[in-house]
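Top line first, the protein sequences correspond to chains A and B.
Residue numbering for the first sequence follows my numbering, starting at 107 and increasing by one per position.
Residue numbering for the second sequence follows my numbering, starting at 107 and increasing by one per position.
Backbone N, C-alpha and C fix where the C-beta goes; we use that ideal spot for every residue, glycine too.
All of these numbers come straight from a predicted model, not from anything done at the bench.
Number of protein chains: 2
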Amino acid sequence: MPKTPPARTKRDVILEAALDLFSRYGLHGTSVDDIAARADVSKSNLLYYFSSKEALYVALLRDLLVLWMEPLRAFSAEQDPVEAIQAYIRLKLINSRDRPEASRLFCLEMIQGAPLLREELDQMVRRVVEEKSGVIRAWVASGRLAPVDPDHLIFALWATTQHYADFGVQVQSITGKTLADPAFFEATIENVQRIILDGIVKR
Amino acid sequence: MPKTPPARTKRDVILEAALDLFSRYGLHGTSVDDIAARADVSKSNLLYYFSSKEALYVALLRDLLVLWMEPLRAFSAEQDPVEAIQAYIRLKLINSRDRPEASRLFCLEMIQGAPLLREELDQMVRRVVEEKSGVIRAWVASGRLAPVDPDHLIFALWATTQHYADFGVQVQSITGKTLADPAFFEATIENVQRIILDGIVKR
DNA sequence: GTCTATATGCCGATAGAC
DNA sequence: GTCTATCGGCATATAGAC
């Protein structure tokens, strides 16, 4: 029984339009009219698929959270830590380049105290981080990684990579480049990897 | 001629209330009524001091931007780079602890493409970063710092420190602590400094 | 499933008295 | 400078025909 092809349903179109707008203007800065216009459906038709604006917003966040945590799941104690972390930085920067809206939407939600995502935060995210903290601890214990608090390392990895999506405007204002520029993209990967892995102190 | 004492004018009270709310709910998520209530003034009285909600928002951003860039200004080529960067990380984390609202407001504005701050970004921020990039380049050239792109280093410093303000909810959800906890605060400084300066590769 | 029309409430800003 | 009253606009959501 072949799976139904990933048809671009109207629901998906609406979700995508909503992501574009919510991630830039926030829940309150976006009107249902705006989303409907961008998705090329009527407002009442949109409200047929999602019972309210907030329901649409929450549906979006839930869908994205899973994708968002995926790169971290790859960590396992058997891997070489340097390779694993290098690969992780590359993956997250690919996300920042290809799906900056997703990153921005999470950032918006976090800033506002994650009122609609707190439950997932306190459960799923917490669980994954705890598990992966264990992996990092094992790397440190086996002498393959310098002593570092796993939580703070994960925060540093998140922060340095998501920065290029969330603060993309600032990055562009300062460097004149975006991650869409292949040379700049590779230089970014290289520099983030070097800073996190090797630090900047001369030896 | 002694300066007038820093009297807490009504204008200041309004600005502070606005910061609290804007930084959490954004420009559109905050009503003038909300701000007025929190500042304990009437709505029309507020609109006597600020001609519109947007004017208030912009006034706030301009005031904060100056404070926000201050820690970076301290960088100078004569300093020892390790000490300068350690001090910088500490200062920024103090800001994240004591004024998380300011950090969040900037983050919000950046995510939205900085429509009301782009001019300042392209001028003042850009100028300061260019100047301090020169300092970092000098540190590298003189062999006191490992080779690193100055812009990416500045991004990494910003990202890792501001993360504790902007994603404070997530930090608390995962670690159970906030920067208000003195032990956690010192551990954070220590870990961020170590990651950026020494990296995490075992040698 | 999709549409038009509309009910309903909120919010920014102004008018004008004091 | 501060107040009360209110206008006008916009946005969410629903009703009900097709």
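- Proximity of Gln276(A) to chain B, defined by a Cβ-Cβ separation below 8 Å, is satisfied.
- Distance from Ala123(A) to Leu166(A) at the Cβ level is roughly 10 Å; contact not present, criterion being Cβ atoms closer than 8 Å.
- Out of Ser148(A), Arg205(A) and Pro177(A), the CA that lies nearest to the CA of Val231(A) is found in Pro177(A).
- Taking a C-beta distance under 8 Å as the contact criterion, Ile217(A) and Asp272(B) qualify as a contact pair.
- Neighbours of Asp186(B) in chain A, taken as residues at a C-beta separation under 8 Å, are lacking, since the least C-beta distance is about 11 Å.
- Residue nearest to Pro253(B) within the set Trp264(B), Ser239(B) and Glu226(B) is Ser239(B) (criterion: CA-CA distance).
- Unbroken alpha helix (DSSP H) stretches of 4 residues or longer found wholly inside the stretch 200 to 243 of chain B: 206 to 217, given in chain order.
- Any Cβ of chain A closer than 8 Å to the Cβ of Lys308(B) would place that residue at the interface, and such an atom is present.
- For Arg130(A), the residues of chain B that pass the 8 Å Cβ criterion are Ile217, Gln218 and Gly219, in the order they occur in the chain.
- Cβ atoms of Ala220(B) and Val275(A) come within 8 Å of each other, at about 5 Å.
- In its chain, beyond the 5 residues on either side, Val235 and Ser239 have a beta carbon closer than 8 Å to the beta carbon of Asp257(A).
- Contact between the stretch 297 to 308 of chain B and the stretch 193 to 200 of chain B is present, with at least three C-beta pairs closer than 8 Å.
- Closest option to Val307(A), judged by alpha-carbon separation, among Leu153(B), Tyr163(B) and Asp186(B): Asp186(B).
- For Leu259(A), the nearest CB of chain B lies under 8 Å from its own CB, placing it at the interface with that chain.
- Tyr154(B) sits exposed, since fewer than 16 C-beta atoms from the chains shown fall within 10 Å of its C-beta.
- According to the DSSP secondary-structure assignment, Leu251(B) is paired through a beta bridge with Val307(A).
- Nearest to Phe290(B) by alpha-carbon distance, out of Gln268(A), Leu173(A) and Asp255(A), is Asp255(A).
- Distance between Asn151(A) and Ala244(A), taken at the CA atoms: about 53 Å.
- Ranked by Cα distance from Arg144(B), the first of Ala190(B), Asp118(B) and Asp169(B) is Asp118(B).
- Near chain B, meaning a CB-to-CB distance below 7 Å, the residues of the stretch 235 to 252 of chain A are Val235, Gly249, Arg250, Leu251 and Ala252.
- Leu153(B) carries a helical assignment under DSSP once its states are collapsed to helix, strand and coil.
- When the beta-carbon positions are compared, Thr266(B) and Ser202(B) stay at least 8 Å from each other.
- Residues of chain B with a Cβ closer than 7 Å to the Cβ of Arg300(A) are, in chain order, Val254.
- A distance below 7 Å between beta-carbons, with the five flanking residues on each side excluded, links Arg179(B) to the following residues of its chain, in chain order: Val234.
- Where Phe128(A) is concerned, the enclosing alpha helix (DSSP H) starts and stops at Lys116 to Gly135.
- Against chain A, the CB of Ala161(B) has no partner CB under 8 Å away; the residue lies outside that interface.
- Closest in C-alpha terms to Ser157(B), from the list Leu170(B), Ile120(B) and Val172(B), comes Ile120(B).
- Between the alpha carbons of Arg114(B) and Val138(B) lies a distance of about 21 Å.
- When the Cα atoms are used, Glu215(B) and Lys159(B) turn out to be separated by approximately 15 Å.
- For Asp146(A), the nearest beta carbon of chain B is not closer than 8 Å to its own beta carbon.
- Within chain A, the residues placing a beta-carbon under 7 Å from that of Asn297(B) are Val254, Asp255 and His258, ordered along the chain.
- Just so you know, the alpha carbons of Leu199(A) and Pro112(B) end up roughly 46 Å apart.
- With a cutoff of 8 Å on beta-carbon distance, Leu263(A) and Gly305(B) are scored as not near each other.
- Residue contact check for Ile280(B) against chain A: a CB pair falls below 8 Å.
- Under the three-state reduction of DSSP, Ala142(A) is assigned to helix.
- Below the 8 Å Cβ cutoff, chain A contributes Ser279 and Ile280 as neighbours of Arg232(B), in chain order.
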